[in-house]
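Contents: one structure, followed by commentary.
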Ligand code: UTP
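In the working numbering, the protein residues as written are 540 to 833.
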């Protein structure tokens, strides 16, 4: 029998209770996490990435108007029967199937911030390390971002955060790390964390990019977390408090990241993924050329 040095990452939390105000009116009745990039909703990309990394249990932190996210992963009998009657393949629905019992939802009644959303999942997470996915950060790579993080976790354990480099003038919209010693290929120690710092006070231009592996102790810190930037309970502030007591490493994702929480990032993702598709890439390239043309 092989013994594992670090507890395996079996659970993932997907906070999906935010209001998605930047996409209004599109997100008035439809959750942001269901907006499709080409033909898959954002949440599907995140769930696919989680499965590739070996995650078994999906924990959705939902809120008002978000039930359609859960329905996306439900069996749709009428649809399936109709497709079958018409002789159409059901393969396209395969990624939406979840093993019974492996999807759990908890409610965040009021969107009080990302830290608060994660804390809402404390009873389901229990006493084991877990992953977090922000579905509006679309990460495309081979292997996927979380798989790269789990591989790094299997070496160093502790807490891991995915980071990426941005122009210095952009840092104040994000969580920013203070990098320490290099710990391997694409792996750096984290000595500090700050949410949305003014440019001149930012410890680096390495920002948090929506994927985390955290130890369960973070739930205890979140329990007493005060409001931070934007009047919200911030996950970054809770993690910052744990530095010194627990190991934190940053993983630079080898792949592409699209910020689908912003409109232009969403359009970039749609265009990039459509151009790469075998079934439509050539046609989309022609359309893009025509639109840009002359
Ligand atoms: P965002 O900061 O992008 O917020 O949240 P938002 O509400 O979704 O969108 P905007 O800024 O108003 O346009 C990042 C992720 O955290 C979740 C969101 O659903 C999103 O997936 N979140 C945020 C919660 O679940 N609860 C919160 O209180 C805040």
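A virtual CB, placed ideally from N, CA and C, is assigned to each residue, including glycine.
In this structure, how does DSSP classify residue 627 when only helix, strand and coil are distinguished?
coil
Compare the beta carbon distance of residue 709 and residue 800 with 7 Å and say whether it is the shorter of the two.
no
Is any heavy atom in the ligand UTP found nearer than 6 Å to the beta carbon of residue 561?
yes
Excluding the five sequence neighbours on either side, which residues of its own chain have a C-beta within less than 6 Å of the C-beta of residue 735, listed in chain order?
711 and 768
Please report the distance separating the alpha-carbon of residue 601 from that of residue 646.
5 Å
Best match in 794, 797, 795 and 550 for proximity to residue 643 [C-alpha to C-alpha]:
550
Quick one: does the C-beta of residue 656 sit closer than 6 Å to a heavy atom of the ligand UTP?
yes
Residue from 632, 673, 604 and 754 whose Cα sits closest to the Cα of residue 612:
632
State yes or no: is the C-beta of residue 730 within less than 7 Å of the C-beta of residue 721?
no
Flag this pair as yes or no: are the beta carbons of residue 772 and residue 654 separated by less than 7 Å?
yes
Between the C-alpha atoms of residue 639 and residue 794, what's the straight-line distance to the nearest angstrom?
32 Å
Length-filtered (4 minimum) alpha helix (DSSP H) runs lying within the region 666-732:
684-695
Could you check whether the Cβ of residue 651 sits closer than 6 Å to any heavy atom belonging to the ligand UTP?
yes
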